Structure formats: C-alpha cells, structure tokens
Amino acid sequence: MIANWKRAAAALAAGLAIAAPAAAQQIENELVLITPVAKTLTDPSLAEFAKYAKEKWNVTVKTSALAAGTPVAYGRIVEWKGRPQADIFWGGESALFDKLTEQNLLAKLDLPKSVVDSIPAAIGKPKAIPLKDPKGFWIGTVLEPYGLVYNPKLYQRLGLQPPKDWDDLLDPKLKGNVAQCAPTRSSSSHATYEVILQRDGDPKGWEFLKRLAGNTGIFTARSRDVPSVVAKGEFAAGFAVPSYMAFEDRLAGFDIKFVAPKTAWITPEPIAVLAGAPHPKAALAFIEFMLSERGQRVAMERGVFPIFPKFKVQGAPGSKAEMAVEFTGGLRSYFDVEVTNIYDDGIAQKRYAEVNSQYRKDIESAWEELKKKY
Amino acid sequence: MKLPRATPAALGFVLIWTFLAVFVLYPLTRIFYDAFTNEAGAFTLANFHEFFTDRFYLRSFWNSMVLGVAAVVTTSVVGVTVAFLLVRYEFPYRNLFSYLTMLPMILPPLVGVLGFVFILGRAGTVNVLLMDWFDLTHPINFMYGMQGVLLVETVHLFPMITLSVLDALSKVDPALEEAAQGMGAKGWRRFRDITMPLMTPGYVSGALLVFIWTFADFITPLVVGVQDLLAVQAYLNIVQFVDRRIFRMGIVISALLVVLAIVFVLLARQYVSIKDYSSLAYSKIERRRLGPAKRRLAVGFLSLLMFVSIMPQVGVALAAVGRGWALTPLPLEYTLEFFEQVSIETPKFIVNSILYSGLAVLVCLAVGVPMAWIMSRTRAPGRASMDALTTLMLAIPGTAIGIAYIRAFNFPLPVFDVALTSVWIILPLVLAVRRLPYTVRGSFSSLLLVHPSMEEAARNVGAGGLRTFWDITVPLVWKGILVGALFSFLTSIQEASATLFLTLGGWEMIPFGIFTFYIAGSQSQAAALGVILIAVCALSLYVVNRVAGTRVGGLFG
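Protein chains in written order, with our numbering: chain A, 1 to 374; chain B, 1001 to 1557.
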C-alpha cells in the first residue's frame, strides 16, 4: 500500500518535473553509447556520470553501452542512416569521425569554449596527432598509447630480456609465442601496422610484418583478446595493445607488463554526438562530464592519460591511479614528455583498403608458409 | 483427407504461410539480393567470381568441409557407442550416465570452448602439470588449431547423434534382431545387416545436424585462432563494416552458406525428410547384462567420456571464481568478485533470456504444432515445401539469419513508423524462426504415433476440425510437443549467433552478455555469467522434467 502510494507520488513528481518551466535545463533520462572502448572504461565512466546527473539535475539516467569494435560501430552508425539507436560514438580513429561528419551523421558539439580551448590542438612530432576537430564535430577525451605487452613469467622461462621496442618481438625464441590481431579486424592493430610501414618504408615494413607473422602463434578475433591471452600465459607477448586494455588484466590480478615503444601511436579516443540522437542533451552532458576533472579522474584510474595538460595521473600510494603510472612506465602525462609520432592518419586512411588487402594476400593467406620460412 | 474447409483452419493455413514467407523466405531472398548486386545495386556475379578465385576463401571452403566431415566421424563413433550401451545393455550407474550424456547440451557457445582452453590451453591445467612434471619447455598444443575445434565440437555435439540414434534404436524391433541371430548372423554382421539400416534415417538427420552445426560455428574456431573456415570468414567480414567490399564478401559467404545448407539438405533428403521420421512402432527393449570385464569397459568408457565432457564446465567454474589464474594448475586466489560484478546486469539478462526464449517457444508452438498437424494429417498443397523449409531452417547458419534480418527489416514500417529492427520483438521472432524445426519435428513424430482413427471417431460424433485437434490430438501428443518445445527453448536461450547483430541496448540475453564480457576482455566475468546460464538451463530442464514427469533421457528416447 505504502509502496503504491510512493510510486504514485513519484509519478506525480515526475509529471510535475516535465511540466515545470525548468524542464528546458533538464537532460533526458536515458543515454546510449556505441563504442569500441572496453566496458572496463565505459562502465565506470557511465556510473560516475549517472551519479553526477542525479546530483546536478536530479535525473536518474539509464545508461547503456553497445560494445562494438571500431569498424563495427562505424558500420552500424552508417547503416542507421541518420536514425541512430545510440546517442554517442566514443573511441577509434579521428579520421573515421571525419568520415562520419562528411556523411552528416554527427551533430556539432555545443561545448563551453573554455573546455575546448584548454585541450591543445595536437600533440607529437614530426607528425601531429589532432586532439580535437577544428570544425567542432568531435573532441578527444583521453590519451592512450598502442604498445606491446608481455608475460614476465613466460619471458623468464624462455630466457628472454623484457622487450623495449617492436623489433624485440622478432626474437626467434618467441616463435609461436606472439599474439596479435589482424589489421583487418582491429583499428589499433591497423594503426600499429601503419606505424611499422611508415617507420621502415614499404618493402622493409612488410618484411618486418611477415617476420612478425612467422613468430605469431595466434591471430585473435579482436584486439582486446591480445592482452587476455598474454595475461593468462597462453602466449608470451602481444602486439598493438591499447594501454588500458592491458591494465585491466593487471587490475584483475594477472602478471602482465606493458611497454610503449618510442614510436607507439597515441589515440585521443574521440567522442561525438550522433546526428538525430534520441537523447542529445544527455549526450552532450556526458561529454562535458568526461572533460571535467571528475570525468578525467575516472579514466585515469583505468590506465589512460588526461587530454588536458593541467591534469596528471596521480593518486594516493597504492591507488589504482598510481598502479597505472607504474604499469605504463612511470608516465603521468603525455604533455610532460616529448611525444614522437611518425604515424600519419591521412596516409593511413587513404590506403586503408590497400594495406588490408596486402595483409590478406601476403600474411593471412600465407601464414603457414611464413611460420616455416622464418 | 482434404484440407479442412472450415474457415478457421483455412485461415490458419494462410497465416502460417504468411509467417513463413515474411520471416523466412523474404529475409533469405534479401541476402541473395545483396550477394548478387554491387554497392550501386546493379546485378553482378563479381562477388562470386572473387570468392572462387581467392585462394584463402577456397582454402576456408575446403577446411570447412573437412572439419564438418571429421566432426561427423568423431561424434558418430562416440554417439553411436553411447546410444548402444544405454539402450541395449544393463550396467552399474546406467541411469546416471543417461543423464550425464545430455550434459554437453547445456553448454552455451563460447563458454564451452573457453572452459576447454582453461583446462587444455597452452597455459591450461593439463599443460602446466605436464610442464612441471616432465620439465617441458613448450606446451602441447591441444587447442589452437583444427584439432581444438574438432575436440570442442565432438564433445558438444555427440549427444545429438546419441539422441537421434537412441530414438531409432529403441524402435528397432528386437524380434528382427533375434531372428537374424537365429539364422546365424552375429555381432558385426547382425549390426551391419539389420540394425544399421533400421537406424539410418535417425542417424542421417543427426549427422546432418552435426555437420551443419560445425560448419556454421564461428565462435569456437575464433577463440582458438582458426580463421580459415567459411563461417568464421562470414562473421569476420561482416563485423568489420569499414571496408564495404569485405563487408559484402561477408554477405556473399553467408549466402553461400545458405546455398550449401540447401545442397546438404537435398543430399540427405531421402533420409531426413520428416515423413520417414518415426515410422516404426516403439517396443520395449530387454537390456542385456554385461559380463564383468565388458561391464568395467563400458563404465570406464563412459566415465572417461564424462570426464572429458565435464572439463569445460569445470574450467568455466574455476575461471569464474579464480583471480589472476595464470600458469598454475588451479587458481591460487579465489573470489566472488566476478559474480558480484556481473550481478548488476545479470537480472536483466536473465529476464530478457527467459522472456524472449519463452515468447519464441510460444511462437514455435503457435506456428509449429499446426504445421506438424498439416504435414501429418492433411494433404494440403505445399506440404512438401513446408517440410523442406523446416529442414532448411535448421541448416541455415545463425549469422546468416541475423544479417538477413538486419538487411531485410531495417526500414520504417508503414503504420508504426518504426523499423522492426528497433523493436525488441525481433529477437523472439528470430529465435522462433531458428528453433521452430525442433517443435515441428517433436510434434510431428508424436502425431505419427497417434492413430488417426481416434480423431476420426471424434469427428464422427460431430466434433469440428479444431475441436478434434484440441480435445483429442493435443492431449495425446503433448509430451512430444513439450519435448520439441523444450528443445526449442534450450537452444534459444543459448543462442548467440543470430541475435549478435540484432541486439540493441537493453535487449541483451545471457549469451550476448557473455559475449560482451568476453569482448570487453574479462574472461572471468564471461565465465561467471556462463556459470549462471548453465544454471538457468539446468533449472529449466529440471522444471520441465517435473512437469512432464519423465526423465530427460526418457523424453528424448
């Protein structure tokens, strides 16, 4: 009886809230992300955002995330043709966001100028990595390197020194012990293939990648599986792993190490509101939240870096933030160091399909022969 | 008997065909349309040309065939042996074993292969022990490669063979075999000349199921790093949407899988046609007692089989409670944190699973039982096509159906101005279509056992067509229907491939949740949810058992 009465009162209150003039300031009570960013980062972010929305607007936002790899997420957004079943696209390469903008599938971001301005336009030399869209359709959220991982226990058993650079994965002792994801399946893998190709030039770059395939014991279905199989000890080393994915395995209690080679690419994990989003206000509120100190702190505890020079990964001794610092080699902010970047996203996107088909022809179809050859 | 002229029956007939046309034929046509057109929508054969000139696709094609055949061989050896032992012989714990052999049926996709990797992987329990005991530097590769896929499929699918043969074996009149024996045919000869031909129809339909299941499974190969298989290529090409050409090749491969399914069904048709199902009467089989040596052998074989069968469940259970389990035989630290983490969303998953699978079963019953009745009791036109369509539905890979639904129903419906793909009802629909054949077959086989004379009697005293059906037929066959429906339910609740592309936020069923946790990288959370799904399945099996009042083994036999 009392419960019924309470429910009626709540309904009444909700009805009044809608009728009240303040409604214009209100955000919708639902938010759906479509994202390649793993649950381990999206869940805490959404949970913290829900708390924030409750405090600020007294709205209980029902949040959910459609988990999909970058290509899948992109494809679904294109398939939705402007009638999206999600509000926000978060993560992946900024060039894909530009492609969506061209197709009029993104809504312009109406963010406070002070927030946008405190994010630098780009980071890295000689090639600059854009951190926000000059046209204002997407904005970076965090900085995240694509590096390599290894299992210390297996490295010891194999008699190997910890890896420092990509080339260390070609060690013959690692035969059959490297895990990677095909560049056709994973955007982080594709970007790292490009890093190698742009570092070494085409013929030498492909030679490197073929030798890497010769050492590879598994091509996983998704990039997220790479650190998993290394953490579990199924394979000794993994190629092209986003830092926070590996850190999750560390948090889950596994002994796994992450190394970002000097030339590792760093993604700003762009975020955008989809054109025609069912909950545009909640979507924008979420982005503002992620770019606030509170939002940045949530992300920093999961193994990624702040996108603002003003924040540093820092926490009490033994905190997750400090664990993350230790895990990524002592770095607290990418704005503290000289960032080397040789990856040119323009080049990469232009020959995206070509690299994929060359990979299919020279590596995927020839894997058995490569294993014997190298 | 002609098609009943009564309007409700005729209306029902039309409705059933409308359902089949809209939800089976139309989406499949859409897939073929995609396969034969280019991005501009013009007719082309280029897609197929590309497939048949690509070395990698051709190798995938060949590998898929080889794997399918290999799985049929291994499941047959295991499945037929088990069926024989259970039906024909008496030995200790026979009842227990007849329960346990059904265990692999409640092993959701992904969970099974993950469980095996935890035990038999390069860092699995067995390899860790071997490396410790024998000082091996390199683990033995049980899992990563075709051998791993074959192992998982064999353990998962042998009960299908067992069930299909069990049915036939229990119906083979022992008098026939005795007669053969009396005339001097013994052992192998008797099996070859008498028993085998009689169990062939059941066996072939089971083998077809095993072949197609293996052929269409992409999750197992993916986990163990095998990508040169057709179903895997279809899935991988489709889930990467960026490269439209590769995406279209995914659809082309799906279309090809459908074509191949049609071919296999046609090849096996003379056996699996629903008409041949259960044409012999049941008779009680006397079980023979085994001598002490053979008895030990039988118990030993079944125990070993059960040991291997239960490996994935054990592996998953350990992974669900083990923290940071790597390179040790058993987890060093135990925790319930993964159950806690998944518990936030789990209630929603469970509710969705039961709701959607339940609705799917209702649709299966509403469409499937009348279908079975039409096929068994009437001469209505189009029965043969109905039969063919039912078999075909079993054979079409889940991913193909899923993608067909997305392509076919992603337009705003006229009256509601909302696309069917944006309404959750599409999930129960796709599940129903995919699992309808089990209900049809279950109902059909039991309908055949009810003599039409009873229905005629009812009609003679003035009962109408529908009335006769509800008052006479249904009470007599409800157990068969229930078994079919149960099977539809169990396979629906474990379905991942067809629903994977169609699921939107808020509609997640348990297998989708397992997939999401796995994709998010938490094998432990995926394992925890896997344990919950296994529990839900086991519980629903138990409940249905209590309702039906028979043992599962009995239900299937």
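The beta-carbon is built from N, C-alpha and C at its ideal position, and this holds for glycine as well. Keep in mind it's a predicted model, so treat the numbers as computed, not measured.
Residue-chain proximity (residue i, chain A), Cβ-Cβ < 7 Å
i: Leu1327/B; result: yes
i: Phe1349/B; result: no
i: Ile1016/B; result: no
i: Tyr1144/B; result: yes
i: Arg1435/B; result: no
i: Ile1519/B; result: yes
i: Gly1506/B; result: yes
i: Thr1516/B; result: yes
Test: residue i CB closer than 7 Å to a CB of chain B
i: Leu100/A; result: no
i: Val178/A; result: no
i: Gly233/A; result: yes
i: Lys350/A; result: no
i: Ala10/A; result: Confidence in Ala10/A is poor, its pLDDT being 48 and thus under 50, which makes the residue's placement too unreliable to answer from.
i: Leu66/A; result: yes
i: Gly92/A; result: no
Local Cβ density within 10 Å of residue i, reported as buried at 16 or more and exposed below that
i: Lys113/A; result: exposed
i: Ser228/A; result: buried
i: Arg185/A; result: buried
i: Asp133/A; result: buried
i: Met1375/B; result: buried
i: Leu1086/B; result: buried
i: Gly346/A; result: exposed
i: Ser243/A; result: buried
i: Asp225/A; result: buried
i: Tyr1542/B; result: exposed
i: Ala24/A; result: Per-residue confidence for Ala24/A stands at a pLDDT of 44, beneath the threshold of 50, marking its modelled position as unreliable; the derived number appears in the next sentence. Under this definition Ala24/A is an exposed residue.
i: Ile363/A; result: buried
i: Glu338/A; result: exposed
Opening and closing residue of the alpha helix (DSSP H) in which residue i lies
i: Trp1507/B; result: Run containing Trp1507/B: none; DSSP gives neither H nor E here.
i: Gln198/A; result: 187-200
i: Thr220/A; result: Segment 216-220 is the beta strand (DSSP E) holding Thr220/A; no alpha helix (DSSP H) there.
i: Gly75/A; result: 70-80
i: Ile27/A; result: Ile27/A -> no alpha helix (DSSP H), and no H or E assigned at all.
i: Ile88/A; result: Ile88/A -> not in any alpha helix (DSSP H); beta strand (DSSP E) instead, spanning 88-90.
i: Gly1300/B; result: 1292-1321
Where the beta strand (DSSP E) containing residue i begins and where it ends
i: Pro152/A; result: Segment 152-158 is the alpha helix (DSSP H) holding Pro152/A; no beta strand (DSSP E) there.
i: Ala67/A; result: 62-67
i: Ile34/A; result: 30-35
i: Ile1212/B; result: Taken as a continuous stretch (DSSP letters only), Ile1212/B belongs to no beta strand (DSSP E), being part of the alpha helix (DSSP H) at 1196-1216.
i: Lys257/A; result: 257-259
i: Thr984/B; result: Any answer about residue 984/B is impossible in this case: the structure gives chain B only from 1001 up to 1557.
i: Pro376/A; result: Outside the shown range of chain A, which is 1 to 374, sits residue 376/A, and nothing can be said about it.
Residue i vs residue j beta-carbon contact at 7 Å
i: Ala1071/B; j: Thr1214/B; result: yes
i: Val1265/B; j: Ala1432/B; result: no
i: Phe137/A; j: Thr101/A; result: yes
i: Glu144/A; j: Glu248/A; result: no
i: Gly1484/B; j: Thr1439/B; result: yes
i: Ala282/A; j: Val61/A; result: yes
i: Gly1578/B; j: Pro1312/B; result: Nothing can be reported for residue 1578/B, as the shown portion of chain B is limited to 1001 through 1557.
i: Glu1090/B; j: Arg1287/B; result: yes
i: Tyr150/A; j: Lys257/A; result: yes
i: Gly1322/B; j: Pro1329/B; result: no
i: Ser1446/B; j: Gly1480/B; result: yes
i: Gly214/A; j: Tyr374/A; result: yes
Contact test: residue i Cβ vs the ligand NAD heavy atom, cutoff 6 Å
i: Pro126/A; result: This structure simply doesn't include the ligand NAD, nor any ligand for that matter.
Using 8 Å as the cut-off, can you tell me whether the segment 1522-1533 of chain B makes contact with the segment 1505-1514 of chain B, which would need three or more C-beta pairs spanning the two stretches below that distance? yes
For the structure I just gave you, are there three or more beta carbon pairs, one from the segment 1467-1487 of chain B and one from the segment 1409-1423 of chain B, closer than 8 Å? no
Validate contact between the segment 1386-1402 of chain B and the segment 1023-1031 of chain B using beta carbons, cut 8 Å, 3 pairs: Segments in contact, yes.
For the segment 1217-1228 of chain B against the segment 1361-1370 of chain B, do three or more pairs of beta-carbon atoms, one drawn from each stretch, fall closer than 8 Å, so that the two count as touching? no
Quick check: the segment 285-302 of chain A against the segment 173-180 of chain A, are at least 3 beta-carbon pairs closer than 8 Å? no
Within 8 Å, do at least three Cβ pairs link the segment 28-43 of chain A to the segment 80-98 of chain A? yes
Decide yes or no for the touch test of the segment 1031-1041 of chain B against the segment 1119-1139 of chain B: beta carbon pairs closer than 8 Å, at least 3 of them. no
Any contact of the segment 1326-1345 of chain B with the segment 1407-1414 of chain B, i.e. 3+ C-beta pairs under 8 Å? no
Taking one C-beta from the segment 88-97 of chain A and one from the segment 65-72 of chain A each time, how about it: are there three or more such pairs within less than 8 Å? yes
Tell me, please, whether the segment 356-370 of chain A touches the segment 205-212 of chain A by the rule of three or more beta-carbon pairs shorter than 8 Å. yes
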